[in-house]
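Under the working numbering, the first residue of the sequence shown carries the number 353, and numbering increases by one thereafter.
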Amino acid sequence: MILAIETSCDDTSVAVIDANRKAIACRVASQVKEHTPFAGVVPEIASRAHLTNLPQVYESVLSEAQIDLADLQAIAVTAGPGLIGSLLVGFNFAKALAYATQKPLLAVNHIRGHVCAYQLEHPTPPFPALALVVSGGHTHLFHVDAQHRLTLLAKTVDDAAGEAFDKLAKMLNLGFPGGPQIDKLAQQGDASQFRFNPSKFSDGYCHFSYSGFKTQAMRFIEQQPEAFQASQELRANLCAAFQKAVVDHLLDRVARACDHYPFQSLILGGGVACNSELRRRFSDFGAERQMPTLISSPRFCTDNAAMIGVEGWRLLESGELAPLNQSADMSWSPFDQVDLLRTTPLSNASN
Ligand code: KG4
Ligand code: ZN
């Protein structure tokens, strides 16, 4: 078994994962209450809360798994990317544990963890796979081969998709984190009432971009602020149109990538993979293309240590151990190579 620790942003999580990639125990201490007054994650508050929460979550996971340290083969921990203060709390905790127990330390890339989370619940899919990772900090499209080498096909040039959801929720005073609130409200709305246009790129690549959607939403609200304050229906319509635009943009890139590469399966991960419209349309797309489509349960889509343990197992099996003098890296890139997706004649859209 591997003990895994995740503290890259505002969730403190510890898990125990066995060699079959099953989560024996996985707990998450959320910091939503601490950050809600600020409608966003405050890095200083996040790292202090990790300091308080981590020892408690660690103790409760060991007792739930009914194991002690001697049963562990290694300690896996998120080493980046993320908020540096938050990363350091988990990373130093893991280093101390590895030193004290003389167990190997495994430094895991957080985004690779999101790509690997499917293994907790799904059998190995056929490769190459297309993986879409959409979270509060990242929007990445990867080509994944059988050795789990990642080739970057596209990423966001500005905001992440989850960040865009959170910013719209803030504009509409819906609470934090915003994604789940928008998802809920959108279900009562009529997406045809507002039209969002995706950003256009003249360099010939299929980047993702979300800040334009945020600006367009702000304009709609500024045009009739009192009406938005008074009408739940209007807010629901805006949320539905915004969510549809975000999902359209994601699926446009997914479709183009599938036309370009002979993918055998599809993987969806990251916190935004909890979104009901994205889950439905991603799996409809997979069914249309007759490809196995792997979407994790919501608890393994948002930040969790179980996914860190899964990627930790790969590192342990390939002998990629971290030295104890390694440090966390807040901008650690997850991919092995880059082959950016170009616009193809697939659609006439010029973006
Ligand atoms: O992966 P995650 O837990 O943390 C990061 O690595 O960023 O993702 C958190 C993000 C937040 O932006 C949150 O608003 C978004 O995931 N999210 C959702 C939903 N649930 C969480 N976005 C849209 N719809 C949801 N149902
Ligand atoms: Zn994440």
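For every residue, glycine included, the Cβ atom is placed at its ideal position computed from N, Cα and C.
Tell me where the beta strand (DSSP E) around residue i begins and ends.
| i | result |
| --- | --- |
| H490 | Element bounds for H490: n/a, residue is neither H nor E. |
| T364 | 363–369 |
| E358 | 354–358 |
| A417 | Segment 395–417 is the alpha helix (DSSP H) holding A417; no beta strand (DSSP E) there. |
| A426 | 426–432 |
For residue i, verify whether its CB is less than 7 Å away from any heavy atom of the ligand KG4.
| i | result |
| --- | --- |
| S670 | no |
| F517 | yes |
| C361 | yes |
| N627 | yes |
| V624 | yes |
| D655 | yes |
| G661 | no |
| P395 | no |
| P550 | no |
| D600 | no |
| P529 | yes |
For residue i, decide whether its Cβ has a neighbour in chain C, counting only Cβ atoms nearer than 8 Å.
| i | result |
| --- | --- |
| S563 | In summary, chain C is missing from the structure at hand, where a single protein chain is found. |
Would you say the beta carbon of residue i is closer than 7 Å to some non-hydrogen atom of the ligand ZN?
| i | result |
| --- | --- |
| G638 | no |
| S487 | yes |
| H299 | Residue 299 falls outside the range modelled here, since the chain spans only 353 to 703, and no answer is possible. |
| H334 | The chain is shown only over 353 to 703; residue 334 falls outside these bounds and no answer can be derived. |
| H462 | yes |
| H466 | yes |
Since residue i contacts residue j with CB under 8 Å, what's their CB separation in whole angstroms?
| i | j | result |
| --- | --- | --- |
| L458 | A426 | 5 Å |
| D655 | S365 | 6 Å |
| P478 | P644 | 7 Å |
| F517 | V384 | The Cβ separation is near 15 Å, so there is no contact. |
| D535 | Q595 | 7 Å |
| M353 | I419 | 7 Å |
In terms of DSSP beta bridges, what is residue i paired with?
| i | result |
| --- | --- |
| R379 | V366 |
| S648 | The partner list for S648 (beta bridge, DSSP) is empty, contrary to what the question assumes. |
| I619 | A483, L646 |
| A496 | Checking the sequence, you will find Val at residue 496 rather than Ala. In the DSSP output, where bridge partners are listed per residue, V496 has A481, L502. |
| F634 | Answer is none; F634 lacks a bridge partner. |
| R557 | The sequence shown places Tyr at residue 557, not Arg. Note: Y557 sits in a beta bridge opposite R694. |
| L457 | I427, A674 |
| T508 | F560 |
Quick check on the DSSP output: the alpha helix (DSSP H) that includes residue i runs from which residue to which?
| i | result |
| --- | --- |
| G514 | 513–523 |
| V467 | 462–468 |
| G531 | 530–538 |
| M659 | 657–669 |
| M570 | 563–575 |
| H612 | 584–612 |
| T453 | 436–453 |
| K385 | 384–387 |
Query raised in the report: Is the stretch 441–454 touching the stretch 685–695, taking contact as three or more C-beta pairs under 8 Å?
Result: no
Report task. Could you tell me whether the stretch 373–380 touches the stretch 656–666, using the rule of 3 or more Cβ pairs below 8 Å? Result -> yes
**Report entry** Sufficient close CB pairs (3 or more, under 8 Å) joining the stretch 593–607 to the stretch 484–502
**Finding:** yes
Query raised in the report: Pairing CB atoms from the stretch 539–547 with CB atoms from the stretch 584–592, are three or more of them under 8 Å?
Result: yes
Report task. Could you tell me whether the stretch 459–476 touches the stretch 431–442, using the rule of 3 or more Cβ pairs below 8 Å? Result -> yes
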